[in-house]
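Trainee:
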Amino acid sequence: MSEGAALHLKGRVLTGPDDVRDELWVLGGRVTFERPSGMREVTTVEGWVLPGLVDAHCHVGLDAHGPVDAGTSEKQALTDRDAGTLLIRDAGSPSDTRWIDDRDDLPRIIRAGRHIARTKRYIRNYAHEIEPDDLVAYVAQEARRGDGWVKLVGDWIDRSTGDLSACWPRGAVEAAIAEAHRLGARVTAHCFAEETLAPLVEAGIDCIEHATGLTEDTIPLFAERGVAIVPTLVNIATFPRLADGGAAKFPKWADHMRRLHARRYDTVRAAYDAGVPIYAGTDAGGSLPHGLVADEVAELMKAGLPAEAALSATTWGAREWLGRPGLTEGAPADLVVYEADPRRDVRVLGAPRAVVLRGRILPM
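Each residue of the sequence shown is one higher than the one before, counting from 125 in this note's numbering.
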């Protein structure tokens with residue numbers, strides 16, 4: 125919009141799960157609920173308005189084989205943007221995507237630096253692969269490079285046992301998390317297995333990705349400590365295919381992955397019922413395509429989350445957790461408009477009527 129122009133969002137503005145307004149205005153790229161005066165040009169968009177969606181586990185600059193070029197990274201970010209995802213927590217990438225911050229037409233990214241994994245215990249070309257004695261130093265390095273997050277690989281298949289197992293000794297993890305916190309960064313970890321979780325939570329970790337190994341013994345620990353999970357259910361849906369591909373070589377691991385998949389919805393619902401914070405993340409950028417946040421919200425509902433809780437996991441609650449504003453007075457105007465009430469049918473998230481980024485209506 126030109127200088128002196130305003131954008132008028134009219135209909136139902138969902139500023140929070142229990143706070144609905146009739147309209148808002150965008151002036152100078154910022155949200156206001158006060159009607160501006162003296163505007164020479166006003167563009168009106170009608171519909172149901174949400175804050176820009178959040179994908180709390182996404183990978184821009186990464187594909188199934190490792191880092192990608194800037195052109196591919198741009199396409200990934202644009203795909204997320206067009207799906208209404210305007211804020212991404214990038215949960216590990218080997219690519220430098222800082223140039224995206226200079227683009228007014230691409231989502232905002234909160235980076236966790238590059239994954240930190242045990243040597244030969246993760247996907248090739250993804251992570252810093254190190255041994256426990258170096259963990260603190262690498263966590264400090266990625267804490268300084270990231271935007272307030274560090275990503276560990278907490279467990280992976282151990283070829284000597286043929287099953288998932290924890291990657292780090294407890295002492296190394298405790299020291300590494302303490303160092304990240306000293307530097308002002310939060311720590312999250314990729315975890316599939318059951319045995320990995322309690323030591324990480326007791327060491328002070330802030331979040332667990334996937335969290336398929338949660339049980340009735342560890343869920344109360346997560347709830348008590350306020351440790352969040354990002355279940356990435358659209359990724360967990362691939363477990364049977366992965367298990368089939370590895371069953372001949374690692375039958376124990378394959379059976380384990382199938383069991384984790386079979387109880388995935390029960391696991392997430394039990395965590396929700398216990399009060400564990402849950403946020404929506406797709407794990408796009410590895411083997412999965414981008415733009416899947418609506419599918420992930422639908423999966424959270426299949427797991428038993430009420431519609432407003434599933435929406436909050438990608439809107440109001442997710443933004444608060446990540447320290448980014450929603451639709452508040454003076455906030456950057458990053459929002460999505462839908463034809464119908466997403467609280468009644470979350471499937472509408474898959475078809476935005478309009479996307480507004482930094483106060484500009486984007487071409488659809």
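Virtual Cβ for every residue (Gly too), placed ideally from N, Cα, C.
This one's a predicted model, so the numbers in the text were calculated from it and none came from an experiment.
1) In the DSSP assignment, the alpha helix (DSSP H) including H385 goes from what residue to what residue?
2) Is P344 helix, strand or coil when you go by DSSP?
3) Report the start-end ranges of each beta strand (DSSP E) in the segment 235-319 that is 3 residues or longer and not cut off at the edges.
4) Tell me which residues share the same chain as R448 and place their Cβ nearer than 7 Å to its Cβ, disregarding the 5 neighbours each side in the sequence.
5) For the beta strand (DSSP E) containing D146, name the first residue and the last one.
6) To which residues of the same chain is W149 closer than 8 Å at the C-beta, ignoring the five residues directly before and after it?
7) Can you name the residues that DSSP bridges to G135?
8) Can you list, in chain order, the stretches of the alpha helix (DSSP H) that have 4 or more residues and sit fully within the segment 160-210?
9) For my contact list, V277 and V461 are in at a C-beta cut-off of 8 Å; report their separation, rounded to the angstrom.
10) Is Y389 helix, strand or coil when you go by DSSP?
11) Using only the alpha-carbon positions, how far apart do D214 and V184 sit?
12) Is V400 helix, strand or coil when you go by DSSP?
13) Grouping DSSP H, G and I as helix and E and B as strand, with all else coil, what is G140?
14) Have a look at A261 and D228 and give me their C-alpha separation to the nearest angstrom.
15) Roughly how many whole angstroms lie between the Cα atoms of R468 and A431?
16) How big is the Cα-Cα spacing for A427 and H385?
17) For Y403 and A180, what's the separation of their Cα atoms in angstroms?
18) Would P487 be called buried (16 or more neighbouring beta carbons within 10 Å of its own) or exposed?
19) Verify the contact flag: P344, CB atom, against every heavy atom of the ligand NAP, threshold strictly below 7 Å.
20) Less than 7 Å between C-beta atoms, sequence neighbours within five positions excluded: which residues of the same chain meet that for T243?
21) On the criterion of 16 or more Cβ atoms from any shown chain inside 10 Å, does G399 qualify as buried, or is it exposed?
22) State buried or exposed for N359, treating a residue as buried only when at least 16 other CB atoms are found within 10 Å of its CB.
23) Given a threshold of 16 other Cβ atoms within 10 Å of its Cβ, counted over all protein chains shown, does V470 qualify as buried or as exposed?
24) Where does C273 land, buried or exposed, given buried means 16+ other C-beta within 10 angstroms?
25) So V472 is in the beta strand (DSSP E); what residue range does that whole segment cover?
26) Is D368 helix, strand or coil by DSSP?
27) Can the beta-carbon of V178 be found less than 8 Å from the beta-carbon of T439?
28) Between which two residues does the alpha helix (DSSP H) carrying I360 extend?
29) Can you look up E333 in the DSSP assignment and give me helix, strand or coil?
30) For H334, count neighbouring C-beta atoms within 10 Å of its own C-beta (all shown protein chains included) and say buried if the count is 16 or more, exposed if not.
Mentor: The relevant details are as follows:
1) Translated into the one-based positions of the sequence shown, residue 385 becomes position 261. Run containing H385: 375-386, per the alpha helix (DSSP H) assignment.
2) By one-based count along the sequence shown, residue 344 stands at place 220. P344: helix per DSSP, three-state reduction.
3) Segments of the beta strand (DSSP E) lying fully in the segment 235-319: 240-242, 252-254, 273-277, 279-282, 287-290, 310-315.
4) Taking the first residue of the sequence shown as position 1, residue 448 is located at position 324. Here the set comprises L211.
5) Here residue 146 corresponds to residue number 22 of the sequence shown, with the count starting at 1. Boundaries of the beta strand (DSSP E) around D146: 143-151.
6) Start at 1 with the first residue of the sequence shown, and residue 149 comes out as number 25. By the criterion of a C-beta distance shorter than 8 Å, W149 is surrounded in its chain by A130, L131, H132, L133, V155, T156, F157, E158, R159, P160, once the five residues flanking it on both sides are discounted.
7) If you number the sequence shown from 1, residue 135 lands on position 11. In the DSSP assignment, G135 forms a beta bridge with G171.
8) As far as the segment 160-210 is concerned, its whole alpha helix (DSSP H) runs of at least 4 residues are 194-206.
9) Within the sequence shown, residue 277 is the residue found at index 153, counting from 1. Within the sequence shown, residue 461 is the residue found at index 337, counting from 1. No, V277 and V461 are not in contact; Cβ-Cβ is about 38 Å, not under 8 Å.
10) Within the sequence shown, residue 389 is the residue found at index 265, counting from 1. In this structure, Y389 counts as helix in the three-state DSSP scheme.
11) Counting from 1 along the sequence shown, the entry for residue 214 is found at position 90. Counting from 1 along the sequence shown, the entry for residue 184 is found at position 60. The alpha-carbon of D214 is positioned some 7 Å away from that of V184.
12) Mapped onto the sequence shown, residue 400 falls at position 276. In the structure shown, V400 falls within a coil segment according to DSSP collapsed to helix, strand and coil.
13) As a first step, residue 140 is located in the sequence shown; it is residue number 16 there, counting from the start. In the displayed model, G140 falls within a strand according to three-state DSSP.
14) If you number the sequence shown from 1, residue 261 lands on position 137. If you number the sequence shown from 1, residue 228 lands on position 104. A261 and D228: Cα-Cα distance of roughly 34 Å.
15) Counting from one through the sequence shown, the residue named residue 468 turns up at place 344. Counting from one through the sequence shown, the residue named residue 431 turns up at place 307. If I take the Cα positions, the gap works out to 7 Å.
16) For this step, residue 427 is matched to residue 303 along the sequence shown. For this step, residue 385 is matched to residue 261 along the sequence shown. Note on geometry: alpha-carbon atoms of A427 and H385 lie some 12 Å from one another.
17) As a first step, residue 403 is located in the sequence shown; it is residue number 279 there, counting from the start. As a first step, residue 180 is located in the sequence shown; it is residue number 56 there, counting from the start. Distance between the alpha carbons of Y403 and A180: 7 Å.
18) Residue mapping note: residue 487 aligns to position 363 of the sequence shown, counting from 1. Burial call: exposed.
19) The model on display carries no ligand, and the ligand NAP is accordingly not part of it.
20) For the purposes of this step, residue 243 is taken as the residue at position 119 of the sequence shown. Taken in chain order, the residues that qualify are E253, I254, E255.
21) Within the sequence shown, residue 399 is the residue found at index 275, counting from 1. Exposed.
22) In the sequence shown, residue 359 corresponds to position 235, counting from 1. Result: buried.
23) Against the sequence shown, residue 470 aligns to sequence position 346. Counting Cβ neighbours within 10 Å, V470 comes out buried, since at least 16 surround it.
24) Translated into positions along the sequence shown, residue 273 becomes position 149. Note that residue 273 is Trp in the sequence shown here, rather than Cys. Burial state of W273 is buried, judged by a 10 Å Cβ sphere holding 16 or more other Cβ atoms.
25) By one-based count along the sequence shown, residue 472 stands at place 348. Unbroken run through V472: none, as it is neither H nor E.
26) The count along the sequence shown starts at 1 and reaches residue 368 at position 244. D368: helix per DSSP, three-state reduction.
27) In the sequence shown, residue 178 corresponds to position 54, counting from 1. In the sequence shown, residue 439 corresponds to position 315, counting from 1. By the CB criterion at 8 Å, V178 and T439 fall inside the cutoff.
28) As a first step, residue 360 is located in the sequence shown; it is residue number 236 there, counting from the start. 357-360 is the extent of the alpha helix (DSSP H) around I360.
29) For the purposes of this step, residue 333 is taken as the residue at position 209 of the sequence shown. If DSSP states are grouped into helix, strand and coil, E333 belongs with the strands.
30) In the sequence shown, residue 334 corresponds to position 210, counting from 1. Classification for H334: buried.
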